[in-house]
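Q: In the numbering used here, the protein residues as written are 94 to 356.
Ideal Cβ placement from N, Cα and C applies to all residues, glycine included.
Computed from a prediction, not measured in an experiment: that's the story for all the values here.
1) CA-CA distance, residue 185 and residue 220?
2) Given a threshold of 16 other Cβ atoms within 10 Å of its Cβ, counted over all protein chains shown, does residue 191 qualify as buried or as exposed?
3) Give the straight-line distance between the Cα atoms of residue 357 and residue 282, rounded to the nearest whole angstrom.
4) Apply the 10 Å Cβ neighbour rule to residue 127 and answer buried if 16 or more other Cβ atoms are within range, or exposed otherwise.
5) Just the C-alpha distance for residue 294 and residue 272, rounded to the nearest angstrom, thanks.
6) Can you tell me the Cα-Cα spacing of residue 279 and residue 233, whole angstroms?
7) How is residue 197 classed by DSSP in three states: helix, strand or coil?
8) Note down, in chain order, each residue of its chain lying with its Cβ closer than 7 Å to the Cβ of residue 266, except the 5 sequence neighbours on either side.
9) Using beta-carbon positions only, say whether residue 178 and residue 150 come within less than 9 Å of one another.
10) How long is the line joining the alpha carbons of residue 112 and residue 263, rounded to whole angstroms?
11) Tell me, please, which residues DSSP counts as bridged to residue 217.
12) Suppose you measure from the CA of residue 335 to the CA of residue 297; what does that come to, to the nearest Å?
13) Would you mind listing the alpha helix (DSSP H) stretches within the stretch 122 to 189 that are 4+ residues and don't spill past its ends, in chain order?
14) Per DSSP, residue 255 is paired with what?
15) Taking just the CA atoms, how far does residue 253 sit from residue 118?
16) To the nearest angstrom, report how far apart residue 132 and residue 197 are at their CA atoms.
17) Would you tell me roughly how many angstroms separate the C-alpha atoms of residue 308 and residue 102, rounded to the nearest one?
18) State yes or no: is the C-beta of residue 200 within less than 9 Å of the C-beta of residue 176?
19) Hey, how far is the Cα of residue 246 from the Cα of residue 156?
20) With respect to the beta strand (DSSP E) encompassing residue 305, which residues constitute its N-terminal and C-terminal limits?
21) Quick one: does residue 267 have its CB under 9 Å from some CB of chain D?
22) Quick one: what's got a C-beta closer than 6 Å to residue 218's C-beta in the same chain, skipping five residues either side?
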């Protein structure tokens with residue numbers, strides 16, 4: 094029956110099923126394989142459904158599933174990642190614009206180890222903890238700084254997990270490796286202390302920054318059922334009502350523009 098539909102309707106149906114299921118549909122017939130191989134089927138890659146909640150992808154599984162289509166993927170949502178999986182995605186999906194990671198066991202520096210000349214196309218990077226997985230991150234501040242250097246187009250970054258970066262160490266690493274960045278919105282969870290001077294240094298480093306949100310637990314304030322809009326919605330809820338104002342929100346300080354005293 095699916096084969097009798099015009100391509101436009103089939104693509105619309107494809108938009109409601111997971112990437113994993115799309116690949117298996119392509120095995121049913123030559124016509125469905127042709128539609129499965131179409132760039133439109135891979136532009137938005139969803140690897141969060143059709144799997145048990147706490148299941149982890151292996152590198153071999155991800156490679157088998159997306160490698161032939163990696164250059165066609167612009168948007169990806171994936172749950173249950175591990176170091177080797179994240180590294181594979183970053184190193185092979187060279188047109189990836191938005192990556193949302195929903196749950197992991199442990200992510201270390203190895204996840205972000207890329208060749209020095211690598212330039213990622215990422216505009217948005219989001220990490221969301223899963224209540225069914227440990228979600229440990231052991232990445233050092235130096236590795237995050239290098240990731241930002243590999244991502245010269247990144248404008249939105251959400252770390253919805255406790256990074257444990259010490260403010261001074263993180264800022265020093267960024268200042269050492271990052272000549273400039275178009276980063277506009279940055280939100281992260283941390284239990285370490287960020288002082289006014291740290292926020293000011295961050296603001297001076299990222300001259301395009303429009304909003305920065307720091308929280309002890311971002312997840313408690315976000316709609317976990319709406320992963321696609323979680324970053325934009327959370328940041329917008331923190332933004333002041335004044336138009337064209339710069340905003341930094343944290344448990345320690347609130348800046349409303351670049352010339353305003355801490356209140």
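A: Judging by the given coordinates:
1) 19 Å
2) buried
3) Shown here, the chain extends from 94 to 356; a query on residue 357 therefore has no answer.
4) exposed
5) 14 Å
6) 18 Å
7) strand
8) 234, 235 and 238
9) yes
10) 36 Å
11) 191 and 249
12) Here the model assigns residue 335 a pLDDT of 48, short of 50, so the residue's position is not dependable, and the following value carries that caveat. Roughly 21 Å separates the two Cα atoms.
13) 123 to 129, 132 to 135, 152 to 159 and 176 to 185
14) 282
15) 34 Å
16) 28 Å
17) 43 Å
18) yes
19) 25 Å
20) 304 to 308
21) Checking the listed chains, one finds no chain D in this structure; it contains a single protein chain.
22) 192 and 250
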